[in-house]
């Protein structure tokens, strides 16, 4: 359910773009991100750092898009967000000795240290590459193609990447004992 909840601003952005264009969609993205955080806070739920970062970036880049009437800024937001994720994963590991992927999933999975390192670095590389791919699409294709990529392309890539990671991780999981 959290994944669907997190996708609401992206879906609303997509729908608003199809109905009214990039500038209305940008306003909708900002408003829906604010509403999403307000909803969590009103329900007494924790708002994680990724949501705050997303709100900050959509407000900064979306605001720049609306003020300048230049859609390039909102297109950069996706790349900057993914690069921030990649950087956070690498900085946490290399400078603070923390594997953020392990922190997020260690309650669900018991894996050897080298597998956790592999996962952390794989996700960092994935986010870095998707950030680059986003800019390639933004500069070499139409805005309509970019909006479609933003919803379907990045979601599809994420799904494929998660499935590949699951296959790799599956080799290291122990079978549960039979009772």
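Residue numbers (the working numbering): 110 to 288. Note that beta-carbon positions come from the ideal geometry of N, C-alpha and C, so glycine has one too.
Whole-angstrom distance between residue j and residue i, CA atom to CA atom
{"i": "residue 203", "j": "residue 222", "result": "14 angstroms"}
{"i": "residue 172", "j": "residue 272", "result": "35 angstroms"}
{"i": "residue 141", "j": "residue 161", "result": "13 angstroms"}
{"i": "residue 181", "j": "residue 239", "result": "17 angstroms"}
{"i": "residue 252", "j": "residue 123", "result": "11 angstroms"}
{"i": "residue 134", "j": "residue 121", "result": "8 angstroms"}
{"i": "residue 244", "j": "residue 263", "result": "12 angstroms"}
{"i": "residue 193", "j": "residue 128", "result": "31 angstroms"}
{"i": "residue 224", "j": "residue 200", "result": "18 angstroms"}
{"i": "residue 261", "j": "residue 227", "result": "26 angstroms"}
{"i": "residue 159", "j": "residue 241", "result": "20 angstroms"}
Pick from the options that is closest to residue i, judged by C-alpha positions
{"i": "residue 130", "options": "257, 269, 115 and 278", "result": "257"}
{"i": "residue 186", "options": "229, 163, 246 and 158", "result": "163"}
{"i": "residue 178", "options": "116, 251 and 132", "result": "132"}
{"i": "residue 114", "options": "226, 148 and 218", "result": "148"}
{"i": "residue 218", "options": "126, 274 and 125", "result": "274"}
{"i": "residue 184", "options": "208, 265 and 126", "result": "126"}
CB of residue i within 8 angstroms of CB of residue j, strictly
{"i": "residue 138", "j": "residue 156", "result": "no"}
{"i": "residue 236", "j": "residue 191", "result": "yes"}
{"i": "residue 232", "j": "residue 246", "result": "no"}
{"i": "residue 143", "j": "residue 259", "result": "no"}
{"i": "residue 278", "j": "residue 220", "result": "yes"}
{"i": "residue 206", "j": "residue 175", "result": "no"}
Could you tell me which uninterrupted alpha helix (DSSP H) segments, each at least 4 residues in length, are contained entirely in the region 241-278, listed from first to last along the chain? Taking only runs of at least 4 residues, the alpha helix (DSSP H) segments lying wholly in the region 241-278 are 252-257.
Complete alpha helix (DSSP H) runs within the region 151-197 (minimum length 4 residues, chain order): Counting only runs of 4 or more, we get 158-177.
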